[in-house]
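**Q** Line by line, the protein sequences are chains A and B. Counted the way this note's numbering counts, the first sequence spans residues 12 to 98. Counted the way this note's numbering counts, the second sequence spans residues 7 to 663. Think of the CB as a built atom: it goes at the ideal place given N, C-alpha and C, for glycine as much as any other residue.
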Amino acid sequence: ATEKQQRQNKKTYIVHMSKSHMPADFVEHKQWYDASLRSVSDSAEIMYTYDTVIHGFSTQLTEEEAEALEKQHGIVSIMPETRYELH
Amino acid sequence: TTRTPMFLGLDMANNMFPASTSEGDLTVGVLDTGVWPESKSFDDTGLGPVPSSWKGQCEEGKNFNAATCNRKLIGARFFSKGYEAIQGPIDESKESKSPRDDDGHGTHTSTTAAGSAVSDANLFGYASGTARGMAARARVAMYKVCWIGGCFSTDILAAMEKAIDDGVNVLSLSLGGGSPDYYRDSVAIGAFGAMEKGIFVSCSAGNAGPSSYSLSNEAPWITTVGAGTLDRDFPAYVNLGNGMNFTGVSLYNGTALPDTLLPFVYAGNASNSTSGNLCMSGTLVPEKVAGKIVLCDRGVTARVQKGEVVKEAGGAGMILANTDSNGEELVADAHLLPATAVGQKSGDGIKKYLFSDPNPTATIILGGTKVGIQPSPVVAAFSSRGPSSITTEILKPDLIAPGVNILAGWSGAVGPTGLSVDNRRVGFNIISGTSMSCPHVSGLATLLKGAHPEWSPAAIRSALMTTAYTAYKNGEQLQDIATGKASTPFDYGAGHVDPQKALDPGLIYDLTTDDYLNFLCALNYTPSQITVVSNRNFTCNDSVKYSVADLNYPSFAVPFTTGLGSGGNKVTVLKYTRTLTNVGASGTYKVSVSFPSESVKIAVEPAALSFSQMNEKKMYTVSFSANSMPSGTKDFGRLQWSDGNHVVGSPIAITWT
Numbered sequence: 012a013t014e015k016q017q018r019q020n021k022k023t024y025i026v027h028m029s030k031s032h033m034p035a036d037f038v039e040h041k042q043w044y045d046a047s048l049r050s051v052s053d054s055a056e057i058m059y060t061y062d063t064v065i066h067g068f069s070t071q072l073t074e075e076e077a078e079a080l081e082k083q084h085g086i087v088s089i090m091p092e093t094r095y096e097l098h
Numbered sequence: 007t008t009r010t011p012m013f014l015g016l017d018m019a020n021n022m023f024p025a026s027t028s029e030g031d032l033t034v035g036v037l038d039t040g041v042w043p044e045s046k047s048f049d050d051t052g053l054g055p056v057p058s059s060w061k062g063q064c065e066e067g068k069n070f071n072a073a074t075c076n077r078k079l080i081g082a083r084f085f086s087k088g089y090e091a092i093q094g095p096i097d098e099s100k101e102s103k104s105p106r107d108d109d110g111h112g113t114h115t116s117t118t119a120a121g122s123a124v125s126d127a128n129l130f131g132y133a134s135g136t137a138r139g140m141a142a143r144a145r146v147a148m149y150k151v152c153w154i155g156g157c158f159s160t161d162i163l164a165a166m167e168k169a170i171d172d173g174v175n176v177l178s179l180s181l182g183g184g185s186p187d188y189y190r191d192s193v194a195i196g197a198f199g200a201m202e203k204g205i206f207v208s209c210s211a212g213n214a215g216p217s218s219y220s221l222s223n224e225a226p227w228i229t230t231v232g233a234g235t236l237d238r239d240f241p242a243y244v245n246l247g248n249g250m251n252f253t254g255v256s257l258y259n260g261t262a263l264p265d266t267l268l269p270f271v272y273a274g275n276a277s278n279s280t281s282g283n284l285c286m287s288g289t290l291v292p293e294k295v296a297g298k299i300v301l302c303d304r305g306v307t308a309r310v311q312k313g314e315v316v317k318e319a320g321g322a323g324m325i326l327a328n329t330d331s332n333g334e335e336l337v338a339d340a341h342l343l344p345a346t347a348v349g350q351k352s353g354d355g356i357k358k359y360l361f362s363d364p365n366p367t368a369t370i371i372l373g374g375t376k377v378g379i380q381p382s383p384v385v386a387a388f389s390s391r392g393p394s395s396i397t398t399e400i401l402k403p404d405l406i407a408p409g410v411n412i413l414a415g416w417s418g419a420v421g422p423t424g425l426s427v428d429n430r431r432v433g434f435n436i437i438s439g440t441s442m443s444c445p446h447v448s449g450l451a452t453l454l455k456g457a458h459p460e461w462s463p464a465a466i467r468s469a470l471m472t473t474a475y476t477a478y479k480n481g482e483q484l485q486d487i488a489t490g491k492a493s494t495p496f497d498y499g500a501g502h503v504d505p506q507k508a509l510d511p512g513l514i515y516d517l518t519t520d521d522y523l524n525f526l527c528a529l530n531y532t533p534s535q536i537t538v539v540s541n542r543n544f545t546c547n548d549s550v551k552y553s554v555a556d557l558n559y560p561s562f563a564v565p566f567t568t569g570l571g572s573g574g575n576k577v578t579v580l581k582y583t584r585t586l587t588n589v590g591a592s593g594t595y596k597v598s599v600s601f602p603s604e605s606v607k608i609a610v611e612p613a614a615l616s617f618s619q620m621n622e623k624k625m626y627t628v629s630f631s632a633n634s635m636p637s638g639t640k641d642f643g644r645l646q647w648s649d650g651n652h653v654v655g656s657p658i659a660i661t662w663t
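(1) Would a C-beta distance cut-off of 8 Å place residue 107 (chain B) and residue 417 (chain B) closer than the cut-off?
(2) Under 8 Å, do residue 438 (chain B) and residue 412 (chain B) count as touching if we go by C-beta distance?
(3) Going by C-alpha distance, which of B:213, B:225, B:221, B:190 is nearest residue 207 (chain B)?
(4) Along chain B, in chain order, which residues have C-beta atoms closer than 7 Å to that of residue 44 (chain A)?
(5) Which residues, in order along the stretch 80-93 of chain A, keep a beta-carbon less than 7 Å from a beta-carbon of chain B?
(6) Considering only C-alpha positions, which residue in the set B:40, B:74, B:120 is nearest to residue 445 (chain B)?
(7) Could you pull out every unbroken beta strand (DSSP E) segment of at least 3 residues lying fully inside the stretch 307-359 of chain B, listed in chain order?
(8) With which residues is residue 483 (chain B) paired in a DSSP beta bridge?
(9) If you check the beta carbons only, do residue 242 (chain B) and residue 255 (chain B) fall under 8 Å apart?
(10) CA-CA distance, residue 396 (chain B) and residue 527 (chain B)?
(11) I want to know whether the stretch 19-37 of chain A touches the stretch 63-77 of chain A - three or more CB-CB distances under 8 Å.
(12) Pull up the distance between the alpha-carbon of residue 232 (chain B) and that of residue 51 (chain A), whole angstroms please.
(13) Just the chain B side, please: which residues come within less than 8 Å of residue 64 (chain A) by C-beta, in chain order?
(14) Counting along the chain, where does the beta strand (DSSP E) carrying residue 646 (chain B) start and finish?
(15) Compare the C-beta of residue 143 (chain B) with all C-beta atoms of chain A and state if any pair is closer than 8 Å.
(16) Along the stretch 326-345 of chain B, what residues have a CB closer than 8 Å to any CB found in chain A?
(17) State the CB to CB distance for the pair residue 228 (chain B) and residue 205 (chain B), rounded to an integer number of angstroms; the pair is presumed to be in contact (CB under 8 Å).
(18) Taking C-alpha atoms, which residue in B:541, B:140, B:96, B:251 lies nearest to residue 355 (chain B)?
(19) Quick one: what does DSSP say residue 461 (chain B) is sitting in, helix, strand or coil?
(20) For residue 622 (chain B), collect the residues of the same chain with a Cβ closer than 6 Å to its Cβ; drop the 5 residues on either side in sequence, then sort them by chain order.
(21) With contact counted as at least three CB pairs below 8 Å, one residue from each stretch, are the stretch 386-403 of chain B and the stretch 300-309 of chain B in contact?
(22) Look up residue 28 (chain A) in the DSSP assignment and say whether it is helix, strand or coil.
(23) Between which residues of its own chain and residue 441 (chain B) is the CB-CB distance below 7 Å, once the five residues before and five after are set aside?
(24) Taking 6 Å as the limit between beta carbons, can you name the residues of its chain near residue 580 (chain B), skipping five residues before and five after?
(25) Might you give, ordered along the chain, the residues of its own chain that have their beta carbon closer than 8 Å to the beta carbon of residue 543 (chain B), omitting 5 neighbours on each side?
(26) Which residue from B:410, B:398, B:122 puts its Cα closest to that of residue 385 (chain B)?
(27) Since residue 111 (chain B) meets chain A, which of its residues come closer than 8 Å, beta carbon to beta carbon?
(28) Could you pull the DSSP bridge partners for residue 208 (chain B) from this structure?
(29) Answer yes or no: does any C-beta atom of chain B fall closer than 8 Å to that of residue 58 (chain A)?
(30) In whole angstroms, what separates the C-alpha of residue 572 (chain B) from that of residue 637 (chain B)?
(31) If you check the beta carbons only, do residue 268 (chain B) and residue 297 (chain B) fall under 8 Å apart?
(32) By a C-beta neighbour count over all protein chains shown, 10 Å radius and 16 as the cutoff for buried, is residue 175 (chain B) buried or exposed?
(33) For residue 17 (chain B), count neighbouring C-beta atoms within 10 Å of its own C-beta (all shown protein chains included) and say buried if the count is 16 or more, exposed if not.
(34) Quick one: what's got a C-beta closer than 6 Å to residue 609 (chain B)'s C-beta in the same chain, skipping five residues either side?
(35) Listing by chain order, which chain A residues have their CB less than 7 Å from the CB of residue 87 (chain B)?
(36) Confirm, please, whether the CB-CB distance from residue 521 (chain B) to residue 468 (chain B) is below 8 Å.
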């Protein structure tokens, strides 16, 4: 029940990052993604890291966390999860 | 699939498509519900070693051993993090957390695209023949992204990334999610990345037809595939107590009804529910249907589920009648009880008798498989239709392919109806949807890629589109089964795919990544929106006048705006520029325009193009001049270039809004 409640409070997002905006302090992009995420949420975890068709990651955030993340340096967009269906 | 290779002329084209190494070097990546590796369609007999460039793998998981992969099925992965984040942990008693297909859909689509040839394939004896994928020697890689609770964008994007990294040559996606802007659509975003690496991406147009503006997967770097019928049918005859007979379709294979006529009842009159006519679960009164044939109206719930409801209530058989949203479209199902689907007209005729006779009776007689049905193809009523709701200057769908009553491989985990009560297990199943037409095109694109390795995804699509046909051999336009009348380019795009002709299109409309970036500029996308779609920083040049109309697309969608308050016949001129690339012998092509309506004047400049060498490019301009027309008016035509041997055809769809 707790897990379900946590899921209900959070939504899944695809976070697009601008790879060229990565601060020099980071060696790898994944570190930068992780630090950006950590700056808005203690509990959120990266689900997928994307590097071929977009630069970024997916994660679960509250709306407040998503809004805060959107204001971070190097964020291109935050796209909510979408459900697709078979045809 | 059985029948579609013949229907598409692939049997005749065997000598034209090189069946040796080139096709075997190519891999079709399919994003779907997973795969049933034990299907005979994944037999790898005769296939050479896995291409050395292949980086994919078969992932182990619940009910899935990597050793079941072979030289045919060379990749199988699953993506469930996004699904589990929303739905909670996968219930492994209901679905396998692995590439295993517990649904059947993924096995059907992947074997349609590239399944090996299997002789004597059939479903309960129906549609019997040798089943093969369109690219029977190509390899298959499955990326499982769809689960019981749906398919999620985070998983889809991850799967597309992995497929690209693995080295697929063609991507086939028989799924969709409405029509969001390209920068909000993970499939469009993933497809852009694939296109850029030379991967052909084919997607289903959707099953939301026959309504206009009902398309999915509309991005111009995607090939959007609608559905048409084959020349094959599975008739089942309804005999009524008044002596009248009607023809429907059925894939039932069980105990037949007795020769005598049985009591017949309308579900709406055998229910306590106001929507009893739909035969939804728990709505039929057993005392009123027991031992009778029940007529149910189509809609809201799955067709096979209605059969289950009738059977559970004690009904002896079911007649499923189309309503106006399906017209005369007949989709066959492997029902659990003797049943037949009938078109709206037949349904109305049967109801007339049912409501007028105090003691109506009926029976259903199965007719097996019939081929040579004409006219065929006809556009399926369910096939989603244009115009594009995102970019009205791009005509979608791009083309149609077989998608009605298609036999292909199936999962051993589920019966042919997909119902939990269906304990039957089959190696092949017959189902319908643009999900089925999409992998036909994916496989055909693989054949073209094998024959022309140097062709870009846009070139392959152009070849498929410009050689597609829009009329039957007698010259009449392809029909739309939803209306029974001639269909339009908003229904079939460039027409029905003709792979033999696509092999040698003469000329192609090519497109590069830069062309698509310019297209995004023409849409006035912001820099960040362009970055989201294209994964790069690209700045539109303020001094360049970008035009959507100049995207080098093989079709023409021309949206005029109705003049409001102008009070006169103000003529508007819209100019479209196109570039043709010669991929055949040298020659001179002359243009012809067919546009039956007087509403628009169409001028092409120049009227002839001469090509002296391979890959030579020539540009032309089309001017569409039109008076103001009432909003909602549509007119259609066709522009063709021909050198006498090749016909390079483009549909024209003009709208006023």
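**A** This is what the structure gives:
(1) Within the second sequence, the letter at position 101 stands for residue 107 (chain B). Within the second sequence, the letter at position 411 stands for residue 417 (chain B). The answer is yes: Cβ separation under 8 Å.
(2) Here residue 438 (chain B) is taken as the residue at index 432 of the second sequence, counted from 1. Here residue 412 (chain B) is taken as the residue at index 406 of the second sequence, counted from 1. A contact, by the Cβ cut-off of 8 Å.
(3) Translated into the one-based positions of the second sequence, residue 207 (chain B) becomes position 201. Comparing Cα-Cα distances from residue 207 (chain B) to each of B:213, B:225, B:221, B:190, the minimum goes to B:225.
(4) Position 33 of the first sequence, counting from 1, holds the residue named residue 44 (chain A). In chain order: nothing, as chain B lies at least about 14 Å away.
(5) 87, 88, 90, 92, 93
(6) The sequence position of residue 445 (chain B) within the second sequence is 439, counting from 1. For residue 445 (chain B), the closest alpha carbon among the candidates B:40, B:74, B:120 is that of B:120.
(7) List check, beta strand (DSSP E) in window: 323-327, 345-348.
(8) In the second sequence, residue 483 (chain B) corresponds to position 477, counting from 1. In DSSP, residue 483 (chain B) forms a bridge with B:477.
(9) Taking the first residue of the second sequence as 1, we reach residue 242 (chain B) at position 236. Taking the first residue of the second sequence as 1, we reach residue 255 (chain B) at position 249. Closer than 8 Å, so yes.
(10) For the purposes of this step, residue 396 (chain B) is taken as residue 390 along the second sequence, with counting starting at 1. For the purposes of this step, residue 527 (chain B) is taken as residue 521 along the second sequence, with counting starting at 1. Each residue's alpha carbon lies about 15 Å from the other.
(11) yes
(12) Indexing the second sequence from 1 puts residue 232 (chain B) at position 226. Indexing the first sequence from 1 puts residue 51 (chain A) at position 40. When rounded, the distance between both Cα atoms is 44 Å.
(13) Residue 64 (chain A) sits at position 53 when you count from the first residue of the first sequence. Within 8 Å Cβ-Cβ: 163, 166, 167, 170, 195, 196, 198, 199, 200, 541.
(14) Reading the second sequence from its first residue, position 640 is the one you call residue 646 (chain B). Run containing residue 646 (chain B): 640-648, per the beta strand (DSSP E) assignment.
(15) To locate residue 143 (chain B), count along the second sequence from 1; it is residue 137. So, not an interface residue.
(16) Within the stretch 326-345 of chain B, no residue has a Cβ that lies closer than 8 Å to any Cβ of chain A.
(17) Within the second sequence, numbered from 1, the residue matching residue 228 (chain B) stands at position 222. Within the second sequence, numbered from 1, the residue matching residue 205 (chain B) stands at position 199. 11 Å between Cβ atoms; not a contact.
(18) Within the second sequence, the letter at position 349 stands for residue 355 (chain B). Nearest to residue 355 (chain B) by alpha-carbon distance, out of B:541, B:140, B:96, B:251, is B:251.
(19) Here the question's residue 461 (chain B) lines up with position 455 in the second sequence. Coil.
(20) Looking up residue 622 (chain B) in the second sequence gives position 616. Cβ neighbours of residue 622 (chain B) beyond the five flanking positions: 588.
(21) With a cut-off of 8 Å, the stretch 300-309 of chain B and the stretch 386-403 of chain B do not count as touching, because too few Cβ pairs lie within range.
(22) By 1-based counting over the first sequence, the position of residue 28 (chain A) is 17. Here residue 28 (chain A) sits in strand by DSSP.
(23) In the second sequence, residue 441 (chain B) corresponds to position 435, counting from 1. Here the set comprises 111, 115, 180, 210.
(24) Residue 580 (chain B) sits at position 574 when you count from the first residue of the second sequence. These residues qualify, in order along the chain: 564, 630.
(25) Residue numbering aside, residue 543 (chain B) sits at position 537 when the second sequence is read from its first letter. 533, 537, listed in sequence order.
(26) The residue given as residue 385 (chain B) occupies position 379 in the second sequence. The shortest Cα separation from residue 385 (chain B) among B:410, B:398, B:122 belongs to B:410.
(27) Residue 111 (chain B) sits at position 105 when you count from the first residue of the second sequence. The CB of residue 111 (chain B) comes closer than 8 Å to the CB of 97 in chain A, given here in chain order.
(28) Here residue 208 (chain B) refers to the residue found at position 202 of the second sequence. Answer is B:178, B:229.
(29) The residue given as residue 58 (chain A) occupies position 47 in the first sequence. Yes - at least one Cβ of chain B is within 8 Å of the one on residue 58 (chain A).
(30) Your numbering for residue 572 (chain B) matches position 566 in the second sequence. Your numbering for residue 637 (chain B) matches position 631 in the second sequence. The predicted model places residue 572 (chain B) with a pLDDT of 48, which falls under 50 and marks its position as unreliable; any figure quoted below should be read in that light. Roughly 14 Å separates the two Cα atoms.
(31) Position 262 of the second sequence, counted from the start, is the residue given in the question as residue 268 (chain B). Position 291 of the second sequence, counted from the start, is the residue given in the question as residue 297 (chain B). Yes; because the gap between Cβ atoms is below 8 Å, this pair is in contact.
(32) For the purposes of this step, residue 175 (chain B) is taken as the residue at position 169 of the second sequence. So residue 175 (chain B) counts as buried.
(33) Here residue 17 (chain B) refers to the residue found at position 11 when the second sequence is read from its first residue. By the neighbour-count rule (16 or more Cβ atoms within 10 Å), residue 17 (chain B) is not buried but exposed.
(34) The residue you call residue 609 (chain B) lines up with position 603 of the second sequence. Taken in chain order, the residues that qualify are 629.
(35) Walking along the second sequence from the start, residue 87 (chain B) turns up at place 81. Simply 58, 59.
(36) Translated into the one-based positions of the second sequence, residue 468 (chain B) becomes position 462. Translated into the one-based positions of the second sequence, residue 521 (chain B) becomes position 515. No, these two residues do not count as a Cβ contact at 8 Å.
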